[in-house]
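Colleague:
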Amino acid sequence: MNKILIIIGFSLICGLSASAQDLSTKSKKAAEFHVKALEYYRQADLSAAREFTAKALEKDSLFTESLILMAQIYEEQEQINLSILYYSKAISCGLEVYPQLLLFRGNIYLKNGKYKDALQDYDKFSSFVTDVGTKRQISDKIKRMQEIMLITENPVLFNPIKLCDSINSNLDEYAAQINYQNNMILFTRAYSTPSNHSEDIFISYRENNHWQTAQKAGTLFNSQGNEGSSNLSADLRFLVFAACNRPDGLGRCDIYICEFDGLNWSAPKNMGAPINSKDWESQPSISSDGKTLYFVSNRKGGLGKADIWISRQNEQGQWQIPENAGENINTPENESYPFIHANNRSLYFGSEGHLNLGSFDIFLSKSDSAKQWGKAQNIGYPVNSNADENSLFVHPNGKSGYMSTSKFSPNKNLDIYEFELAPEIQTDGIYVFKGYVLDSVTKTPLNAQIVIENFEKEIFQTESFKNTGHFHYLSAETKEITVNIYANTYTFFSQKIDFPFDIKEKYFYLNKIQESSKTSFHFNFAYNSDKLPENDMSTVKHLAEYLKLNPGVNILIEGHTDNTGNAEYNKELAGKRAKTVYELLIKSGVAPTRLQYRGYGAEKPMVENNSEKNRAMNRRTDILYRKE
Numbered sequence: 000m001n002k003i004l005i006i007i008g009f010s011l012i013c014g015l016s017a018s019a020q021d022l023s024t025k026s027k028k029a030a031e032f033h034v035k036a037l038e039y040y041r042q043a044d045l046s047a048a049r050e051f052t053a054k055a056l057e058k059d060s061l062f063t064e065s066l067i068l069m070a071q072i073y074e075e076q077e078q079i080n081l082s083i084l085y086y087s088k089a090i091s092c093g094l095e096v097y098p099q100l101l102l103f104r105g106n107i108y109l110k111n112g113k114y115k116d117a118l119q120d121y122d123k124f125s126s127f128v129t130d131v132g133t134k135r136q137i138s139d140k141i142k143r144m145q146e147i148m149l150i151t152e153n154p155v156l157f158n159p160i161k162l163c164d165s166i167n168s169n170l171d172e173y174a175a176q177i178n179y180q181n182n183m184i185l186f187t188r189a190y191s192t193p194s195n196h197s198e199d200i201f202i203s204y205r206e207n208n209h210w211q212t213a214q215k216a217g218t219l220f221n222s223q224g225n226e227g228s229s230n231l232s233a234d235l236r237f238l239v240f241a242a243c244n245r246p247d248g249l250g251r252c253d254i255y256i257c258e259f260d261g262l263n264w265s266a267p268k269n270m271g272a273p274i275n276s277k278d279w280e281s282q283p284s285i286s287s288d289g290k291t292l293y294f295v296s297n298r299k300g301g302l303g304k305a306d307i308w309i310s311r312q313n314e315q316g317q318w319q320i321p322e323n324a325g326e327n328i329n330t331p332e333n334e335s336y337p338f339i340h341a342n343n344r345s346l347y348f349g350s351e352g353h354l355n356l357g358s359f360d361i362f363l364s365k366s367d368s369a370k371q372w373g374k375a376q377n378i379g380y381p382v383n384s385n386a387d388e389n390s391l392f393v394h395p396n397g398k399s400g401y402m403s404t405s406k407f408s409p410n411k412n413l414d415i416y417e418f419e420l421a422p423e424i425q426t427d428g429i430y431v432f433k434g435y436v437l438d439s440v441t442k443t444p445l446n447a448q449i450v451i452e453n454f455e456k457e458i459f460q461t462e463s464f465k466n467t468g469h470f471h472y473l474s475a476e477t478k479e480i481t482v483n484i485y486a487n488t489y490t491f492f493s494q495k496i497d498f499p500f501d502i503k504e505k506y507f508y509l510n511k512i513q514e515s516s517k518t519s520f521h522f523n524f525a526y527n528s529d530k531l532p533e534n535d536m537s538t539v540k541h542l543a544e545y546l547k548l549n550p551g552v553n554i555l556i557e558g559h560t561d562n563t564g565n566a567e568y569n570k571e572l573a574g575k576r577a578k579t580v581y582e583l584l585i586k587s588g589v590a591p592t593r594l595q596y597r598g599y600g601a602e603k604p605m606v607e608n609n610s611e612k613n614r615a616m617n618r619r620t621d622i623l624y625r626k627e
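Residue 496 in numbering that gives the first Met the number 0 sits at position 497 of the sequence shown; the count goes up by one each step and never skips.
1) To the nearest angstrom, how far is the alpha carbon of N389 from that of S368?
2) With 16 other CB atoms within 10 Å as the buried threshold, where does P422 fall?
3) Please state whether DSSP places P444 in a helix, a strand or coil.
4) For L249, which of helix, strand or coil comes out of DSSP?
5) Rank F418, R576, P591 and N410 by C-alpha distance to the C-alpha of N169 and give the top, closest one.
6) Which of the three DSSP states, helix, strand or coil, is assigned to I309?
7) Can you give the Cα-Cα distance for P154 and I202, rounded to whole angstroms?
8) What residue does the alpha helix (DSSP H) around A109 start on, and which one ends it?
9) Let's see if you can read the secondary structure: which residues bound the beta strand (DSSP E) around V589?
10) Any idea which residues DSSP pairs V239 with across the strands?
11) For the ligand GTP, is there any heavy atom lying closer than 7 Å to the beta carbon of P591?
12) Could you tell me the alpha carbon to alpha carbon distance between R311 and T187, rounded to whole angstroms?
13) What would DSSP say about V295, mapped onto helix, strand or coil?
14) Could you check the C-alpha separation between H559 and I496 for me, to the nearest Å?
15) Tell whether a beta-carbon distance below 8 Å holds between L101 and Q145.
16) Report all residues from its chain with a CB closer than 6 Å to the CB of L548; omit the five preceding and five following residues, and keep chain order.
17) What three-state label does DSSP hand S384 in the structure shown?
18) Taking the alpha carbon of C163 as the reference point, which residue from E172, L156 and F157 has its own alpha carbon closest?
19) Taking the C-alpha atoms as reference points, what is the distance between G301 and P273?
20) Counting pairs of beta carbons, one from the segment 245–264 and one from the segment 203–213, are three or more of them closer than 8 Å?
21) Determine, using beta-carbon pairs with one atom in the segment 287–294 and one in the segment 340–354, whether at least three such pairs fall under 8 Å.
22) Is there contact between the segment 216–231 and the segment 453–470, where contact requires at least three CB pairs shorter than 8 Å?
23) Count the C-beta pairs between the segment 58–69 and the segment 88–105 that are closer than 8 Å, then say yes if the count reaches three, no if not.
24) Within 10 angstroms of the Cβ of G564, are there 16 or more other Cβ atoms? Answer buried if so, exposed if not.
25) Roughly how many angstroms lie between the CA atoms of G316 and F459, to the nearest whole one?
26) Let's test the definition: count the other Cβ atoms within 10 Å of the Cβ of V131 and tell me whether it reaches 16, buried, or not, exposed.
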């Protein structure tokens with residue numbers, strides 16, 4: 000009933016709250032029916048209000064106040080065409096007295112995607128306005144409509160495909176996401192009755208290129224209460240979701256997290272303070288490395304009604320106080336469903352406050368090299384429209400996505416659609432690499448620490464699942480990486496791999512530490528130099544970290560060369576190179592008592608020095624392991 004109250008506030012239709020003599024009609028009976036209709040309207044009995052308004056209009060078809068009331072009733076009943084019809088009749092009868100009717104009809108046009116008609120009404124209404132503040136507001140509306148029309152007149156490519164009935168139903172489905180293998184989908188389904196609203200997490204698997212009938216994700220995640228949107232980290236290790244009114248909750252709705260061990264999910268854990276609070280927290284999205292969380296909250300300190308907040312883990316794995324995502328993302332209105340892409344640089348989210356086409360639209364913000372979020376970009380028409388669009392998920396490839404919308408549904412329920420993103424809204428895709436860490440003899444899986452360094456010296460840390468030995472690495476880089484693996488009681492492993500990957504999977508075999516165990520490194524020392532190249536410095540640092548994690552292991556560092564040149568000189572040079580590694584390890588915090596070094600020159604070749612390839616293999620630094 001807000002428009003009626005607004006009209007009263009402007010003192011435009013005193014008859015809506017005053018006596019019959021203030022009304023525009025000369026028919027006493029029409030006025031009586033109108034006053035009766037208003038009584039029912041204020042009681043929220045729209046059916047009775049419409050009945051008596053119709054009677055009033057039978058007595059006087061040009062009764063302006065009843066035409067306005069009928070337009071309002073039809074609008075609240077979402078019979079938009081009839082609402083517009085009655086607003087138009089009221090405008091034709093009483094525009095000079097009630098110019099705000101142009102504003103109200105324009106708002107309906109906007110809400111229903113009739114942007115040109117809305118612009119015309121706003122423009123015409125501005126000619127009636129004399130108040131400076133109101134004129135500025137209308138000017139802003141006109142400017143916004145012009146920008147909206149610019150979006151709609153330059154449509155982006157959009158060919159949505161509705162997911163099958165195994166996923167969608169006559170209920171609301173939303174917050175969909177798919178794993179990078181494209182064979183599993185998670186989403187939320189809502190059940191609404193007049194007395195209850197319930198949400199559960201559902202899951203479906205693709206078999207023979209067909210989605211199987213979705214099932215509830217089980218009691219581990221779902222309860223008697225509401226389980227809202229969920230998000231699976233791109234490396235498939237963490238699942239975060241919102242749940243409401245649980246016994247361990249801090250507020251009405253909190254965010255929970257589960258971790259995968261390669262076979263099973265851990266029990267959900269309330270993420271606690273400072274992420275959760277006494278306020279409302281929901282719609283989480285977790286970064287591909289599991290170290291940054293994006294979510295929506297109405298907590299104090301925001302810029303609007305519900306804002307997007309960001310929390311990061313420190314080096315000890317503790318979640319830090321969330322920061323507001325800032326004014327390039329948040330507005331005085333509501334923001335919703337943040338989704339951080341696997342590249343950790345592109346944030347897709349819903350908003351009703353930015354330049355949208357009538358309701359919630361989806362926007363894109365990209366972070367720069369300083370990790371600052373850029374100005375939100377509407378992802379375009381007809382992906383966005385006057386209907387609600389929400390919960391966009393973009394595949395790691397950056398080119399395909401899943402979203403929920405009601406605009407194609409005759410029942411106005413949310414369904415999930417798959418589509419190729421237009422080039423304008425695509426983002427940088429990532430490579431997904433799956434590695435396995437196994438015992439070299441028994442081939443059993445190992446739980447190991449994985450430290451991967453890319454060409455730009457960025458560090459990615461994870462661990463292999465203890466039950467399967469596998470891990471995932473995701474990167475937008477197309478250059479070589481160095482994979483460093485630490486496992487307790489096993490030798491240190493370090494290997495360079497070129498991008499793009501020729502293979503999607505690779506097995507890494509680790510050796511148990513024995514007195515004869517060794518690891519060979521082919522450091523790229525310059526000719527006749529014992530200075531370690533910058534590109535090899537990180538490998539020594541990772542070796543130092545390995546030794547810190549394995550305090551019972553001592554090492555002998557051996558320097559080796561090929562047989563080219565003087566034997567004595569080669570032995571001396573090899574000793575100097577071994578000493579360089581020795582000194583760097585001490586500098587990195589390894590106790591000198593755990594280290595020894597020695598130069599052998601060409602005395603211990605790995606292979607015969609009969610080719611340049613073999614000689615390159617013999618130019619190496621060996622690490623021999625010795626248990627205390």
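Quick reminder that beta carbons are idealized off the backbone N, C-alpha and C, glycines included. Computed from a predicted structure; not experimentally measured.
Modeller: So, to answer that:
1) 28 Å
2) exposed
3) strand
4) coil
5) N410
6) strand
7) 33 Å
8) According to the sequence shown, residue 109 is Leu rather than Ala. Residues Q99 to K110.
9) Counting along the chain, V589 falls outside any beta strand (DSSP E), and DSSP gives it neither H nor E.
10) N230 and I256
11) No copy of the ligand GTP appears in this structure; indeed no ligand is present at all.
12) 26 Å
13) strand
14) 24 Å
15) no
16) Y485
17) coil
18) E172
19) 15 Å
20) no
21) yes
22) no
23) yes
24) exposed
25) 14 Å
26) exposed
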